[in-house]
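Engineer: I have a structure I would like to understand better, so I am pasting it below and will then ask my questions one at a time.
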Amino acid sequence: MIAIHTQAKEDGKSLSGREIVEMVLKKKVKYGPKETVRSTREIQLEAELQEERAESERRTKEFEAKIQSQEEKIQIQDEKIQLQEEKLQMQGAEMQQLRESQEKLQQQMESFAATLNRK
40 MIAIHTQAKE
50 DGKSLSGREI
60 VEMVLKKKVK
70 YGPKETVRST
80 REIQLEAELQ
90 EERAESERRT
100 KEFEAKIQSQ
110 EEKIQIQDEK
120 IQLQEEKLQM
130 QGAEMQQLRE
140 SQEKLQQQME
150 SFAATLNRK
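Note that the numbering used here has the sequence shown beginning at 40, numbered continuously upward.
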């Protein structure tokens, strides 16, 4: 596999890990009428590579599912934050109205007290 990767680099090609594995796992055939006899070790290595590939794909899917789940959680949290910010703005506006009403009421009370003092 390392030789394939090195050769690809020398040729100026870029191969992914999956492409290299597929090249290694291809059935090797000699030129001529016979197929190359595959050794037990070769078959064993091929089986190990197949298992590793399946495990890698399974883990990739798990990670993608976790990432998707986290993205959904982040989106929900962002929506909650937005709602809280809107509530805070509404409360700020309500507080301002209450302050203005309180000031108005205080002015009316002072005006009423001044009227009582004149009499």
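Where a beta carbon is used, it is the ideal one built from N, C-alpha and C, also for glycine.
These numbers come from a predicted model, not from an experiment.
Which whole-angstrom value describes the C-beta separation of residue 98 and residue 60, a residue pair presumed to lie in contact below a C-beta threshold of 8 Å?
Structural biologist: Position 59 of the sequence shown holds residue 98. Position 21 of the sequence shown holds residue 60. Incorrect: roughly 15 Å between the Cβ atoms, too far for contact.
Engineer: Can you tell which of 57, 128, 140, 117 has its C-alpha closest to the C-alpha of residue 89?
Structural biologist: Residue mapping note: residue 89 aligns to position 50 of the sequence shown, counting from 1. Among 57, 128, 140, 117, the Cα nearest to that of residue 89 belongs to 57.
Engineer: Report the rounded CA-to-CA distance for residue 48 versus residue 85, giving the unit in angstroms.
Structural biologist: Locating residue 48 in the sequence shown gives position 9, where the first residue counts as 1. Locating residue 85 in the sequence shown gives position 46, where the first residue counts as 1. Near 24 Å, if we compare the C-alpha coordinates of residue 85 and residue 48.
Engineer: Leaving out the 5 sequence neighbours to the left and right, which residues in its chain are closer than 7 Å to residue 134 when beta-carbon positions are compared?
Structural biologist: The residue given as residue 134 occupies position 95 in the sequence shown. Within the same chain, residue 134 has no close Cβ partners at all.
Engineer: Runs of 3 residues minimum, wholly inside the region 67-135: which ones carry the beta strand (DSSP E) assignment?
Structural biologist: List check, beta strand (DSSP E) in window: nothing returned.
Engineer: Going straight from the alpha carbon of residue 138 to that of residue 128, what length do you get?
Structural biologist: Position 99 of the sequence shown, counted from the first residue, corresponds to residue 138. Position 89 of the sequence shown, counted from the first residue, corresponds to residue 128. Distance between the alpha carbons of residue 138 and residue 128: 15 Å.
Engineer: Could you tell me the distance, in whole angstroms, from the CA atom of residue 109 to the CA atom of residue 96?
Structural biologist: To locate residue 109, count along the sequence shown from 1; it is residue 70. To locate residue 96, count along the sequence shown from 1; it is residue 57. Distance between the alpha carbons of residue 109 and residue 96 is about 20 Å.
Engineer: Please state whether DSSP places residue 56 in a helix, a strand or coil.
Structural biologist: What you label residue 56 is simply residue 17 of the sequence shown in a count that begins at 1. In this structure, residue 56 counts as helix in the three-state DSSP scheme.
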